[in-house]
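*Asks:* The structure's right below; bear with me while I get my questions together.
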Amino acid sequence: MIILIIIGMSLVTMIPRVIPAFVIEKMQFRPWVNRWLSAIPYAALGALIFPGILSVNPDKSQIGLLGGIVAVILAYIGLNVVLVVIGAIITVYFLSL
Amino acid sequence: MTDKAEIYSSTAVHMIKRGFITGIPIMLGYLPVAITYGVLAKQAGMTLMELTLMSVMVFAGASQFMGVNMIAVGTGTLEIIIATFVLNFRHFIMSLSFMNQLRELKLKWKIPLSLGLTDESFAVSSINKDEAKMEKGAFFYGTIISIAYLSWIIGSFLGGVLGDVIPDRLSQSMGIALYAMFIGLLIPSIKKEKKIAVIALFAMLIHALCIQLGMSTGWAIVAGTIIGGMSGIYLLKEDVA
């Protein structure tokens with residue numbers, strides 16, 4: 001029975017992912033659509049970061065927020081993404097002590 | 098002829114190396130999350146084979162956690178599948194953007210690259226857009242996605258075999274990892290082009306608003322991404338696109 005769930009989950013995940021590969025082949029977009037699509041990565045990052053980051057610690061939303069602020073600062077001073085990630089983990093670790 | 102072949106292969110190797118370095122943050126973020134997934138899936142009564150197979154076939158973190166939860170409480174098959182569709186529909190929008198970025202690539206590349214699209218592999222790949230125009234750029238994106246995929250599968254398997262190996266407090270702290278990665282990707286783009294901050298903040302606002310209105314996380318992210326991205330129609334110039 002679980003195997004059926006896995007196959008179903010796979011199909012409804014993979015089909016929406018792969019359809020654009022075929023659609024793009026056949027379509028040329030107007031400039032405004034291209035501008036919209038090129039803004040999607042930044043919009044997606046925004047929507048993925050907030051408000052989700054508040055639930056890093058579901059009981060204390062400020063912990064995720066503070067970890068995020070540290071990440072913003074580390075990224076702003078130009079550190080590599082790996083260091084930004086490690087810095088945020090350390091921050092949250094100590095805040096949770 | 099041999100010269101050409103050499104240049105060809107060295108460019109490919111170079112792209113694989115760059116993809117590997119660029120993909121390391123995903124590995125760092127995925128391993129602890131995947132291990133946690135493996136542990137929870139095992140506790141929910143799934144076999145090692147089933148939980149690893151789910152990672153191989155679904156490759157979508159949040160929906161796998163949700164699926165495992167729903168299996169644990171005995172939710173119906175159809176309900177689990179519909180909830181998965183809703184939660185992962187955002188990948189359709191992301192894939193549309195990503196495939197437009199990779200327009201020049203052949204379909205035989207586009208298909209596997211689109212199938213391997215997750216929030217994280219999309220975020221890292223789409224922020225590094227220059228490689229899309231470079232020779233052998235497909236190897237760059239292929240490597241990023243392969244690292245993400247393998248980290249996810251290996252982590253899930255390890256979680257299922259080893260159980261809770263990461264100390265509780267550490268694994269809780271690692272919950273910030275993927276968010277920090279998203280921030281680490283977004284900030285350099287904002288430093289280059291301030292208007293990108295407006296797009297991202299707008300998307301956050303829409304997402305938060307939709308949650309307040311009682312929408313599910315899946316649809317709220319879709320709405321935030323689509324509507325937030327629309328601000329780019331006015332804000333971005335053609336050369337950024």
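Order-wise, the sequence lines are chains V and D. Okay, so the first sequence: first residue is 1 according to the numbering used here, each after it adds one. Okay, so the second sequence: first residue is 98 according to the numbering used here, each after it adds one. The beta carbon of each residue, even a glycine, is placed where N, CA and C say it ideally should be.
Taking all protein chains shown into account, do 16 or more other C-beta atoms lie within 10 angstroms of the C-beta of M27/V, making it buried, or fewer, making it exposed?
*Replies:* Translated into positions along the first sequence, residue 27/V becomes position 27. Label assigned to M27/V: exposed.
*Asks:* Reducing DSSP to helix, strand and coil, say where I77/V ends up.
*Replies:* As a working note, residue 77/V is residue 77 in the first sequence. It is coil, neither helix nor strand.
*Asks:* In chain V, which residues lie less than 7 Å from G326/D when you measure between Cβ atoms?
*Replies:* Translated into the one-based positions of the second sequence, residue 326/D becomes position 229. Neighbours of G326/D on chain V, chain order: W36, A39, I40, A43.
*Asks:* Drop a sphere of 10 angstroms on the beta-carbon of T144/D, count the other beta-carbons inside from all chains shown, and report buried for 16 or more, exposed for fewer.
*Replies:* Walking along the second sequence from the start, residue 144/D turns up at place 47. Flag for T144/D reads exposed.
*Asks:* In the region 145-156 of chain D, which residues sit with their C-beta less than 8 Å from some C-beta in chain V, listed in chain order?
*Replies:* Cβ contacts with chain V: E147, L150, M151, M154, V155, F156.
*Asks:* Between I113/D, F156/D, V136/D, which has its C-alpha nearest P264/D's C-alpha?
*Replies:* If you number the second sequence from 1, residue 264/D lands on position 167. That would be V136/D, whose Cα lies nearest to the Cα of P264/D.
*Asks:* With a threshold of 6 Å on Cβ separation, who are the neighbours of A109/D within its own chain once the five nearest residues in sequence on each side are excluded?
*Replies:* Locating residue 109/D in the second sequence gives position 12, counting from the first residue. Correct list, in chain order: K233, F236.
*Asks:* Please list, in chain order, the chain V residues whose beta carbon lies closer than 9 Å to that of G329/D.
*Replies:* Taking the first residue of the second sequence as position 1, residue 329/D is located at position 232. By Cβ distance, chain V contributes R35, W36, L37, S38, A39, I40, Y42, A43.
*Asks:* What is the DSSP secondary structure of T174/D, reduced to helix, strand or coil?
*Replies:* What you label residue 174/D is simply residue 77 of the second sequence in a count that begins at 1. T174/D: helix per DSSP, three-state reduction.
*Asks:* Strictly under 8 Å for the Cβ-Cβ distance: is R17/V near chain D by that measure?
*Replies:* Sequence index remark: in the first sequence, residue 17/V carries index 17 (1-based). For R17/V, the answer is yes, since a Cβ of chain D falls inside 8 Å of its Cβ.
*Asks:* On the CB-based measure, 16 or more other CB atoms within 10 Å of its CB, does K207/D come out buried or exposed?
*Replies:* The sequence position of residue 207/D within the second sequence is 110, counting from 1. Buried is the call here.
*Asks:* With a threshold of 16 other CB atoms inside 10 Å of the CB of G78/V, please say whether the residue is buried or exposed.
*Replies:* As a working mapping, residue 78/V is identified with position 78 in the first sequence. Exposed, since its Cβ has fewer than 16 Cβ neighbours within 10 Å.
*Asks:* Report the rounded CA-to-CA distance for I397/D versus N197/D, giving the unit in angstroms.
*Replies:* Chain D is shown from 98 up to 338; residue 397/D falls before or after that span and cannot be answered.
*Asks:* Cβ closer than 7 Å: which chain D residues qualify as neighbours of S96/V?
*Replies:* For the purposes of this step, residue 96/V is identified with residue 96 of the first sequence, where counting begins at 1. Correct list: R266, Q269, S270.
*Asks:* Helix, strand or coil, according to DSSP, for L309/D in the structure here?
*Replies:* Within the second sequence, the letter at position 212 stands for residue 309/D. According to the sequence shown, residue 309/D is Gln rather than Leu. Q309/D falls in the helix class under three-state DSSP.
*Asks:* Name the two residues that bound the continuous alpha helix (DSSP H) containing P20/V.
*Replies:* Here residue 20/V refers to the residue found at position 20 of the first sequence. From DSSP, the alpha helix (DSSP H) with P20/V extends over 2-26.
*Asks:* Please state whether the Cβ-Cβ distance between L193/D and L37/V is less than 8 Å.
*Replies:* As a working note, residue 193/D is residue 96 in the second sequence. As a working note, residue 37/V is residue 37 in the first sequence. In this structure, L37/V lies closer than 8 Å to L193/D by Cβ.
*Asks:* To the nearest whole angstrom, what separates the beta carbons of V92/V and I63/V, a pair I think is in contact under 8 Å?
*Replies:* For the purposes of this step, residue 92/V is taken as the residue at position 92 of the first sequence. For the purposes of this step, residue 63/V is taken as the residue at position 63 of the first sequence. V92/V to I63/V, Cβ: 6 Å. Contact.
*Asks:* Give, in chain order, every unbroken run of the beta strand (DSSP E) that is at least 3 residues long and sits entirely within the region 164-246 of chain D.
*Replies:* As far as the region 164-246 of chain D is concerned, it has no whole beta strand (DSSP E) run of at least 3 residues.
*Asks:* For L53/V, which three-state DSSP category applies?
*Replies:* By 1-based counting over the first sequence, the position of residue 53/V is 53. Residue 53/V is actually Ile in this sequence, not Leu. Helix, per DSSP.
*Asks:* I want to see whether chain D comes within less than 8 Å of S61/V, judged by CB atoms only; does it?
*Replies:* In the first sequence, the residue the question calls residue 61/V occupies position 61. Not an interface residue.
*Asks:* Which residue from L148/D, T172/D, G126/D, V130/D puts its Cα closest to that of V82/V?
*Replies:* The residue you call residue 82/V lines up with position 82 of the first sequence. Closest by alpha carbon: G126/D.
*Asks:* At least one CB of chain V closer than 8 Å to the CB of M231/D: is that the case?
*Replies:* On the second sequence, residue 231/D is found 134 positions in, with the first residue counted as 1. No - not a single Cβ of chain V is within 8 Å of the one on M231/D.
*Asks:* Please list the partners that L65/V has in chain D, where partner means a Cβ-to-Cβ separation under 7 Å.
*Replies:* Taking the first residue of the first sequence as position 1, residue 65/V is located at position 65. What L65/V touches in chain D: nothing, since even the nearest Cβ is about 10 Å away.
*Asks:* Taking C-beta pairs closer than 8 Å, name the residues in chain V that H188/D reaches, listed in chain order.
*Replies:* Along the second sequence, one-based indexing puts residue 188/D at 91. The answer, in chain order, is T13, P16, R17.
*Asks:* Less than 8 Å between C-beta atoms, sequence neighbours within five positions excluded: which residues of the same chain meet that for E201/D?
*Replies:* Against the second sequence, residue 201/D aligns to sequence position 104. These residues qualify, in order along the chain: A229, K230.
*Asks:* Can you pull out the residues from the region 190-204 of chain D whose beta carbon lies closer than 7 Å to at least one beta carbon of chain V?
*Replies:* Answer set for the region 190-204 of chain D: I190, M191, S192, L193, S194, M196, N197, R200, L204.
*Asks:* Shorter than 8 Å from the beta carbon of F89/D to some beta carbon of chain V?
*Replies:* Within the shown structure, residues of chain D are numbered from 98 to 338, placing residue 89/D beyond reach of any answer.
*Asks:* Need the endpoints of the alpha helix (DSSP H) that L267/D sits in, please.
*Replies:* The sequence position of residue 267/D within the second sequence is 170, counting from 1. Looking at the DSSP string, the run of the alpha helix (DSSP H) that includes L267/D is 265-270.
*Asks:* To the nearest angstrom, report how far apart V262/D and R30/V are at their CA atoms.
*Replies:* To locate residue 262/D, count along the second sequence from 1; it is residue 165. To locate residue 30/V, count along the first sequence from 1; it is residue 30. Their Cα atoms are separated by approximately 52 Å.
*Asks:* By Cβ distance, which residues of its chain are closer than 7 Å to I324/D, with the 5 residues on each side in sequence left out?
*Replies:* Position 227 of the second sequence holds residue 324/D. Once the five neighbours on either side are set aside, the close Cβ partners of I324/D are I303.
*Asks:* Under three-state DSSP, which class holds F156/D?
*Replies:* Stepping through the second sequence from its first residue, residue 156/D is reached at position 59. Coil.
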